[in-house]
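At position 22 of the sequence shown (counting the first as 1) the number is 29 in my numbering, and the numbers step up by one without a gap. What follows is a single structure, written as structure tokens, with notes after it.
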Amino acid sequence: MSPNGYERPGIAGSGLIACGLAAAASTLGDVKLLARSDASAWKAEESAQAAAGKVDDGQPERVKVTTDPADLSECDLVIEAIVEDAGAKAELLTTLAEISAEADLATTTSSLSVAELGERSGTAERLLGLHVFNPPQRMELVELCLPAGLRAGAADRVREWCRALGKTTVEVPDQAGFVVNRLVFPYLFDAVRVLERTGMDPGDLDTCMRLGAGHPMGPLTLLDFVGIDVAVAIGRSLEAESGDGSHSPPELLHSMVSEGRLGRKSGAGFFEY
């Protein structure tokens, strides 16, 4: 096993999570970043390299962006980091497994079953859950989901890689939302319901939780940071598994998605950016 767990990581995706992971991985060596189109590749390269430049020991030039999946063929770890949609993830994982025949595979899903993704994509023995938090180049925690039947050595390799990145790993059960999102999203959704019911100013509600509960970020700011569309997808997955109404995304969030108010990434959510 490599001293860092892996020597040739690749990441499939071009959003904030993918680019942040690439920035973090640049501290250890070269990392491939697979984008879907030339346009998304250009944006991903700019974002990932800028993020790498702000990370201690980050090396922007180590982030190699491509639109050709074949460029990931020699990777020893390939991480899927795309939209929170089971069908899209399973399809991409199937492709990645064929291209990177020897690599361990990981998914950054925050709400879907890792075992089910493995079964749908035919990658059950190779696939693990690597749930990082936004921004992944700064956030310390990684929730690791290691399904039964995962091939020998993969758990040790991924733990060592995360350790080399300076992350703290916690092994979590394969349940929707793992631990953090399972506990946090009922709170976030309840904050939205308070807003709907009372008409409070979003900034005032966030101030209450920051100064009264000692939270570093108010719940509405956090939802903007996560992405309103992502929050809705997570809530749907949580509710589908648990049947708990507290996991159901409030109507206001659905309206915001329809209006394109997705949070920081779109320039507007509960707040303007």
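Positions of the beta carbon are idealized from the N, C-alpha and C atoms, including for glycine. In this text the structure is predicted, and so the values were computed from the model without any measurement.
Taking only the alpha-carbon atoms, compute the straight-line gap between residue i and residue j and give it to the nearest angstrom.
i: Gly-12; j: Asp-208; result: 48 Å
i: Ser-54; j: Gly-27; result: 8 Å
i: Pro-142; j: Ile-106; result: 28 Å
i: Leu-84; j: Leu-40; result: 12 Å
i: His-59; j: Ala-171; result: With the sequence shown as reference, residue 59 is identified as Ala, and His is not the correct amino acid for it. In a straight line, the C-alpha of Ala-59 is about 16 Å away from that of Ala-171.
i: Ala-113; j: Thr-205; result: 42 Å
i: Glu-178; j: Asp-163; result: 12 Å
i: Thr-73; j: Asp-231; result: 29 Å
i: Glu-279; j: Gly-156; result: 46 Å
i: Ala-93; j: Leu-124; result: 7 Å
i: Ala-29; j: Ala-122; result: 25 Å
i: Leu-212; j: Cys-82; result: 46 Å
With DSSP as the reference, label residue i as helix, strand or coil.
i: Lys-39; result: strand
i: Ile-235; result: helix
i: Gly-125; result: helix
i: Asp-213; result: helix
i: Glu-14; result: coil
i: Asp-63; result: coil
i: Ser-21; result: coil
i: Ile-106; result: helix
i: Ile-86; result: strand
i: Ala-275; result: strand
i: Asp-78; result: helix
i: Asp-163; result: helix
i: Ala-283; result: Past the edges of the chain, shown from 8 to 280, lies residue 283, and the structure says nothing about it.
i: Thr-115; result: coil
i: Gly-242; result: helix
i: Gly-184; result: coil
i: His-138; result: strand
i: Val-5; result: Lying outside 8 to 280, the shown extent of the chain, residue 5 is not represented and no answer is given.
i: Ser-262; result: helix
i: Glu-53; result: helix
i: Lys-96; result: helix
Would you mind sorting residue i into buried or exposed? The rule is 16 or more other CB atoms within 10 Å of its CB.
i: Arg-4; result: The structure shown does not extend to residue 4, since the chain is modelled only from 8 to 280, so the question has no answer here.
i: Ser-265; result: exposed
i: Trp-49; result: exposed
i: Ala-96; result: Note that residue 96 is Lys in the sequence shown, not Ala. Buried, by the Cβ-count rule.
i: Leu-202; result: buried
i: Glu-91; result: buried
i: Gly-173; result: exposed
i: Met-216; result: buried
i: Thr-228; result: buried
i: Arg-133; result: buried
i: Leu-284; result: Not covered by the structure: residue 284. The range shown for the chain is 8 to 280.
i: Glu-150; result: buried
i: Pro-10; result: exposed
i: Thr-130; result: buried
If we call anything under 9 Å between Cβ atoms a contact, is residue i one with residue j?
i: Ala-32; j: Ser-118; result: no
i: Glu-98; j: Gly-20; result: no
i: Ala-57; j: Pro-67; result: yes
i: Cys-152; j: Asp-197; result: no
i: Thr-102; j: Asp-63; result: no
i: Gly-160; j: Met-263; result: no
i: Thr-115; j: Ile-24; result: yes
i: Asp-37; j: Arg-15; result: yes
i: Tyr-194; j: Pro-223; result: no
i: Leu-137; j: Cys-169; result: yes
i: Gly-17; j: Ala-77; result: no
i: Thr-283; j: Arg-166; result: In the structure as shown, the chain starts at 8 and stops at 280, and residue 283 therefore has no counterpart that could be examined.
Q.
Taking contact to mean 3 or more Cβ pairs, one atom from each stretch, closer than 8 Å, check whether the region 224-242 and the region 267-274 are in contact.
A. yes
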